[in-house]
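Engineer: Quick one: the structure is below, and I'll ask about it shortly.
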Amino acid sequence: MKCFSTLHWSIEGEFDECILVWHLATDLCYNTDLNKKSSLAKNSNREASKLLSDYMVYLLVKRPLMLPPGIGQIRFRDSCAKAAKIFQTVKDRNIQACTRLLLQVNTEIPPLKAKGDGSKSVLLDACRLAKSLQSLESEKWNNEKKWEMMSHVWVEMLCYAACHCPRNEHAKELTQGGELLTHVWLLMAHFGITEHVCQD
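The sequence shown begins at 7 in my numbering and counts up one residue at a time.
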């Protein structure tokens, strides 16, 4: 997709960082779009993106050994701490108020300068990505097209994670019924697409 070249920065970091940036941006877009009258209709790509986003963060936090090595739990903790600091300034802490506040965060400041204290938070990058994704709608894209692209990103992340999960972790999961990630890996292997998708 042509516009994705402008968002390429969001998938160039470490895998756990990309998951968190996209998860937070997906949440921001999801909550913003639920408040739009035009977005009240059921959108399967929006719902799929939200579910995959939540699942990938579940793996990052609860099943980190199933993902490529990284510092995802540290990034998650620091991003939560940064969000909590921002939300302290909001009297009304409902989802809509918090979403509006995050989308007003100044993303012009490079994240390294804004962090300053060695924080591994990805919150500023996520706000920047969410703003970019929301602006796609004003650039000849409709809401449906935006969510279609976002769901493709999440499916690619899921497939990448399935291929890069250590096989012993997949085996462990199979003894307990199997994680979705393991079932995806098995399906990919069955259809002979693991080599194509799993190349770095």
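We put the CB at the ideal spot given by N, CA and C, even for glycine.
For tyrosine 36, count the other beta carbons within 10 Å of its own beta carbon; 16 or more makes it buried, fewer makes it exposed. Which is it?
Structural biologist: Locating residue 36 in the sequence shown gives position 30, where the first residue counts as 1. Classification for tyrosine 36: buried.
Engineer: Just how far apart, CA to CA, sit phenylalanine 21 and leucine 180?
Structural biologist: Along the sequence shown, read from residue 1 onward, the residue named residue 21 stands at position 15. Along the sequence shown, read from residue 1 onward, the residue named residue 180 stands at position 174. Cα-Cα distance, rounded: 24 Å.
Engineer: When the Cα atoms are used, what is the spatial distance from cysteine 133 to tryptophan 160?
Structural biologist: The count along the sequence shown starts at 1 and reaches residue 133 at position 127. The count along the sequence shown starts at 1 and reaches residue 160 at position 154. Distance between the alpha carbons of cysteine 133 and tryptophan 160: 18 Å.
Engineer: In whole angstroms, what separates the C-alpha of leucine 130 from that of glutamate 114?
Structural biologist: Here residue 130 corresponds to residue number 124 of the sequence shown, with the count starting at 1. Here residue 114 corresponds to residue number 108 of the sequence shown, with the count starting at 1. Their backbone Cα atoms lie some 9 Å apart in a straight line.
Engineer: What would DSSP say about leucine 277, mapped onto helix, strand or coil?
Structural biologist: Any property of residue 277 remains undetermined from this structure, which presents the chain solely from 7 to 206.
Engineer: Might you give, ordered along the chain, the residues of its own chain that have their beta carbon closer than 8 Å to the beta carbon of glutamine 102, omitting 5 neighbours on each side?
Structural biologist: In the sequence shown, residue 102 corresponds to position 96, counting from 1. Excluding positions up to five away in sequence, the list reads Asn37, Asn41.
Engineer: Hey, how far is the Cα of leucine 34 from the Cα of isoleucine 80?
Structural biologist: Locating residue 34 in the sequence shown gives position 28, where the first residue counts as 1. Locating residue 80 in the sequence shown gives position 74, where the first residue counts as 1. C-alpha separation (whole angstroms): 21 Å.
Engineer: Return the chain-ordered list of same chain residues with a C-beta closer than 7 Å to the C-beta of glutamate 143, the five sequence neighbours on each side being excluded.
Structural biologist: On the sequence shown, position 137 is the one that residue 143 refers to. For glutamate 143, where only same-chain residues beyond five positions count, the Cβ hits under 7 Å are Asn149, Lys152.
Engineer: Would the segment 81-89 and the segment 179-196 be scored as touching if the rule is three or more Cβ pairs under 8 Å?
Structural biologist: No contact exists between the segment 81-89 and the segment 179-196.
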